[in-house]
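Number of protein chains: 2
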Amino acid sequence: MVEPGDLAALKAFDGLGVLEIWELLQESSPGMERWSTRLAEADPERDLERAADAGARFVIPGDDEWPDQVEILAEAGQLSRRAGVPFGLWVRGPANLRHVLARSVAMVGSRACSTYGEHVAAELSAGLAENGVTVVSGGAFGIDAAAHRGALAASGVTVAVLACGVDVSYPKRNSALFSRIVEQGLVMSELPPGCSPTKLRFLARNRLIAAGTLGTVVIEAAVRSGALNSAGWAEQCGRAVLAVPGPVTSRMSAGSHLLVRERDAVLVTSVPDIIEAISPLGTRLTPYPQEPRTVTDDLDHDLRRTLDAVPRIHPAPAPRIAITAGLDLLTTQTSLEALADLNLVEPSDEGWRLAAEV
Amino acid sequence: MVEPGDLAALKAFDGLGVLEIWELLQESSPGMERWSTRLAEADPERDLERAADAGARFVIPGDDEWPDQVEILAEAGQLSRRAGVPFGLWVRGPANLRHVLARSVAMVGSRACSTYGEHVAAELSAGLAENGVTVVSGGAFGIDAAAHRGALAASGVTVAVLACGVDVSYPKRNSALFSRIVEQGLVMSELPPGCSPTKLRFLARNRLIAAGTLGTVVIEAAVRSGALNSAGWAEQCGRAVLAVPGPVTSRMSAGSHLLVRERDAVLVTSVPDIIEAISPLGTRLTPYPQEPRTVTDDLDHDLRRTLDAVPRIHPAPAPRIAITAGLDLLTTQTSLEALADLNLVEPSDEGWRLAAEV
Chain Y
3 MVEPGDLAAL
13 KAFDGLGVLE
23 IWELLQESSP
33 GMERWSTRLA
43 EADPERDLER
53 AADAGARFVI
63 PGDDEWPDQV
73 EILAEAGQLS
83 RRAGVPFGLW
93 VRGPANLRHV
103 LARSVAMVGS
113 RACSTYGEHV
123 AAELSAGLAE
133 NGVTVVSGGA
143 FGIDAAAHRG
153 ALAASGVTVA
163 VLACGVDVSY
173 PKRNSALFSR
183 IVEQGLVMSE
193 LPPGCSPTKL
203 RFLARNRLIA
213 AGTLGTVVIE
223 AAVRSGALNS
233 AGWAEQCGRA
243 VLAVPGPVTS
253 RMSAGSHLLV
263 RERDAVLVTS
273 VPDIIEAISP
283 LGTRLTPYPQ
293 EPRTVTDDLD
303 HDLRRTLDAV
313 PRIHPAPAPR
323 IAITAGLDLL
333 TTQTSLEALA
343 DLNLVEPSDE
353 GWRLAAEV
Chain V
3 MVEPGDLAAL
13 KAFDGLGVLE
23 IWELLQESSP
33 GMERWSTRLA
43 EADPERDLER
53 AADAGARFVI
63 PGDDEWPDQV
73 EILAEAGQLS
83 RRAGVPFGLW
93 VRGPANLRHV
103 LARSVAMVGS
113 RACSTYGEHV
123 AAELSAGLAE
133 NGVTVVSGGA
143 FGIDAAAHRG
153 ALAASGVTVA
163 VLACGVDVSY
173 PKRNSALFSR
183 IVEQGLVMSE
193 LPPGCSPTKL
203 RFLARNRLIA
213 AGTLGTVVIE
223 AAVRSGALNS
233 AGWAEQCGRA
243 VLAVPGPVTS
253 RMSAGSHLLV
263 RERDAVLVTS
273 VPDIIEAISP
283 LGTRLTPYPQ
293 EPRTVTDDLD
303 HDLRRTLDAV
313 PRIHPAPAPR
323 IAITAGLDLL
333 TTQTSLEALA
343 DLNLVEPSDE
353 GWRLAAEV
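Chains as they are written, first to last, in our numbering: chain Y, 3 to 360; chain V, 3 to 360.
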C-alpha cells in the first residue's frame, strides 16, 4: 500500500503497527485517500503465501530477528524525502537477520566499475568474511556482485538488500548469485514478494543498507551516484563512512576521493583499516605501517656519518674518511671501531671499507 | 667544512655568518676540532671560481635572492638530527630564487615509481606551471624527473634541489634534464660545487625542499621513503602536506595513503586541489564537484513518483499509474499534467507513456 520512504505515510501512521495501518486503510478512514488506490489489488494473504513459497518470512519490530539499529531512520529521515523506519522486512535465507547485521559492513559502488574496483571489492569482502564481518550490498552488477562473490568465496555471510521483492531476480543475470546468497546468507527487502524495482525504490533501499550496518565502504563511485547516496545515509545515521581510493586518473574513483576530501570519510585500504573503523574507539587499531628496521637505523649521528663516508670497494685510511665525513679524526676512529664491532665495516692494510654484506 | 644539518655546528656557530665561521675555523679556536679535518683541503676561492665557471652564484641571508622562509628551519630543526638554516645556497640558473620560491610546491615521490605515478607527476606539474606555480623537487629518476619534465613541457619554472654540488650531474643519466632546468629554472644546493651526494646529504636536502615551498605533494612513496621524510619536514615547518592517492593494490601508493590516514595530509587529485591547499584560507576554493543536473532533479516527490510509474513503451491509463506509484488518482492526474508540461510524459488514446527523449 505504502511506498518505501513515503514521508506523508510516516506522518499519518506514526506509532502504528502494520495491522493497525492495514485496518485504517481498509476502513477508508478520512485522510487515507492517498493510499487507497492500491486497496483493490492488495492481498496480504497472497503476499505471505508467495513469501512462504519462496522460503521467505516477514520480520517486524519486536520479532527476535528484527534489527533494532534500523530504527535510527525515525530520526535520520528528517533530512530526506525517502526516509523512515520500514514497517517490516521480508527476509529470505537461513541466517538470523539481527545476528548477521550485528557486525556488518556495507560495500557499495558503481555498477559499471573497473576491474580494479571489482578486484578490490572481492578481496576486501573476502577478508571481512574471514574476520566474521557480514558484507551487505545491493543486487546490482559491478561492485555489489563482486562484494557478494568475495564473501561467498570465503564462506562468509553476505546480505543482499533489494529494491524489489525477495523472490524477484533483478537484474536477471544475477539470479545464480541470488540463489547462492539465499543458501549462505540473506536476501532482504521492505517490498513484498513480486514487486518490481523502481528508481525511487533503489534510493529508499539505500537507507536500509546504511542504517543496518556499522559502516559503509564506497569502492568506486562517480561524483553523482547511488553509492554516494548510500554514503550520505550512513552519515545521517551516524555510521562510519569509509572510502577506498584509486587512481586519480579514473573517474570511477572520483566519488571516493570526494568523500575523503569534502565529507570527512575515512580513507581505507585494507581489511584491518575497515575493522578499526567499525570497532569501538581505541580497539582493533591498525598498527602504524612500518617497514622492517635495519641495523643502520639505530646508529647515532656520528656513526651514520662515518659509515656514509666509508668506501665500498677500495679501502680508505681513517684521516681520509674523517675528511669525507666532516668529523675530527678521533671521533672518526672511535666510530670506525664501533662500526667494525657491528660488522658494518672491515679494516684492511690500506684502511677501511664497507663489510661485504652492508 | 660543515656537513648540512650538523646540529653540533648549529649550536657552536649560532648567530654567526659564513665569514665569521670561516675565521673561527682557520684560527683553530678551542672547540673547533670537530670541523678542522677538512681545513687543509678547503679552498673557498676555488669554490667560488668553480661556481662562476658553472654559471652559479652563492646566495646568503640578507641577499636580495635569499628565501626567508627557509629560516623556519632554525626552529623546525629542533626535532631532528639533520636540521638547521643553511649558511648559504649555491644557485645556478636564470631565475631569482626568492621570487620563484614565493609561490612554489614541492613534488616528491619514489625513484622506482609506476607509470601511473610518472604520468600523474607530469600532468600535475604541467598544470601547476600553467598556473604560475613553481615546481620544486630533487634530481632523481622517477617522480622527481617526471615533475621537472612536466613543468618544463608547460614552459614553467622548476627548481631542482640537489644533495651534491650544482655543477654535479647525479644521477648522470639526468644530465640533459639538469641542463634544461638550468636554462629555464634553477638548480640549487647547500653544498659547494664539486661535492658528491651521500645518504645523509639526501636526508638533509629534504628539509630545504619542504621549508622552501608552500606545500609538499607526495605522489608515490613507500611507507619508508625519502618522500615521507620530506613530508615529515613539511609538517615540522608548518607547510601543507598533500598526498595523491592511487590503487590500494600498489605498494607505491601506500605512503600517500598512510599520510592521509595517519598524518592528516590533504588528499589531492588535481591542480585546483593543490592550489586551494597552498592559497590563503578561504581563497581559491575548489568548487564542490558536481555532475550536470537533469530536469528530473528538480521535480517534487509526487512528480518523481508519478514519473517513475509511467511506462516507456505501452501507454497506461492514469488509474493504473496511480496504483503503480502508490498515489491517489487526483494527485496522479495533476502530476501527469505537470509532467506533460515539462515534456517528460506524453498522453495518447490508451493513456500515458514517457516522452521519447526522457
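Note that the Cβ used here is the ideal one computed from N, Cα and C, for glycine as well. Please read all numbers here as calculations on a predicted model, not as lab measurements.
For the stretch 289 to 314 of chain Y, the set of residues with a beta-carbon nearer than 8 Å to any beta-carbon of chain V comprises Tyr290, Pro291, Gln292, Glu293, His303, Arg306, Arg307, Asp310, Ala311, in chain order. A direct Cα-to-Cα measurement between V:Asp330 and Y:Ala58 gives close to 30 Å.
It is roughly 29 Å from the alpha-carbon of Y:Ile280 to the alpha-carbon of V:Ile221. A check of alpha carbon separations from V:Glu47 across V:Pro195, V:Ser106, V:Gln335, V:Gly187 identifies V:Pro195 as the nearest.
Beta-bridge pairing by DSSP links V:Leu91 to V:Val61. Ranked by how close their Cα comes to the Cα of Y:Asp16, the residues Y:Gly86, Y:Val270, Y:Ala149 have Y:Gly86 in first place. DSSP places V:Trp68 in the coil class of the three-state scheme, outside both helix and strand.
Y:Leu341 is a Cβ neighbour of Y:Leu305, given a cutoff of 8 Å. Bridge pairing for Y:Glu237: absent [DSSP]. For Y:Thr271, the nearest beta carbon of chain V is closer than 8 Å to its own beta carbon. In this structure, V:Leu269 keeps its C-beta atom at 8 Å or more from the C-beta atom of V:Ala233.
The three-state reading of DSSP puts Y:Arg355 in strand, counting E and B together. Within 10 angstroms of the beta-carbon of V:Glu278 lie 16 or more other beta-carbons, which makes it buried. One alpha carbon belongs to V:Val312, the other to Y:Ala56, and they sit about 29 Å apart. Three or more beta-carbon pairs drawn from the stretch 90 to 110 of chain V and the stretch 179 to 188 of chain V are found closer than 8 Å, and the two stretches are therefore classed as touching. In the structure shown, Y:Val159 adopts coil according to DSSP, grouped into three states. In this structure, V:Leu103 and V:Thr136 form a Cβ contact; the two beta carbons are roughly 7 Å apart against a cut-off of 8 Å. Contacts with chain V at 8 Å (Cβ-Cβ) include Y:Lys201.
Closest option to V:Leu344, judged by alpha-carbon separation, among V:Arg314, V:Leu309, V:Ala128, V:Pro88: V:Leu309. Beyond the five residues adjoining it in sequence on each side, V:Ser255 comes within less than 7 Å, by CB distance, of Glu222, Pro247, Gly248, Pro249 in the same chain, given in chain order.
According to the DSSP secondary-structure assignment, Y:Pro349 is paired through a beta bridge with Y:Trp354. Here Y:Leu164 really is in contact with Y:Val189; their C-beta atoms are around 6 Å apart, less than 8 Å.
Taking 9 Å as the upper bound on Cβ-Cβ separation, chain V lies near no residue of the stretch 136 to 155 of chain Y. Interface with chain Y (8 Å Cβ-Cβ cutoff): V:Gly328 is included.
Non-local C-beta neighbours of V:Ser337 in its own chain, meaning closer than 6 Å and more than five positions away in sequence, comprise Asp304, Leu305, Thr308, ordered along the chain.
Rounded to whole angstroms, the Cβ separation of V:Ala142 and V:Arg113 is 5 Å, and the two are in contact under 8 Å. Taken atom to atom, the span from the alpha-carbon of Y:Lys13 to that of Y:Ala108 is near 29 Å.
DSSP places V:Gly217 in the strand class (E or B) of the three-state scheme.
For Y:Arg209, the closest of Y:Ser258, Y:Gly33, Y:Gly140 by C-alpha to C-alpha distance is Y:Gly140.
Contiguous alpha helix (DSSP H) elements confined to the stretch 293 to 331 of chain V occur at 303 to 311, 320 to 327, taking only those with 4 or more residues.
Counting along the chain, V:Val225 sits inside no beta strand (DSSP E), nor does DSSP assign it H or E at all. Listed as beta-bridge partners of V:Ser139 by DSSP are V:Ala162. Using a Cβ-Cβ cut-off of 7 Å, Y:Ser127 is close to nothing in chain V; its nearest Cβ partner there is about 14 Å away. Closest option to Y:Arg100, judged by alpha-carbon separation, among Y:Gly152, Y:Asp65, Y:Val297, Y:Ile23: Y:Asp65. Under the three-state reduction of DSSP, V:Ser181 is assigned to helix. Here Y:Gln28 is exposed: its Cβ has fewer than 16 other Cβ atoms, across all protein chains shown, within 10 Å.
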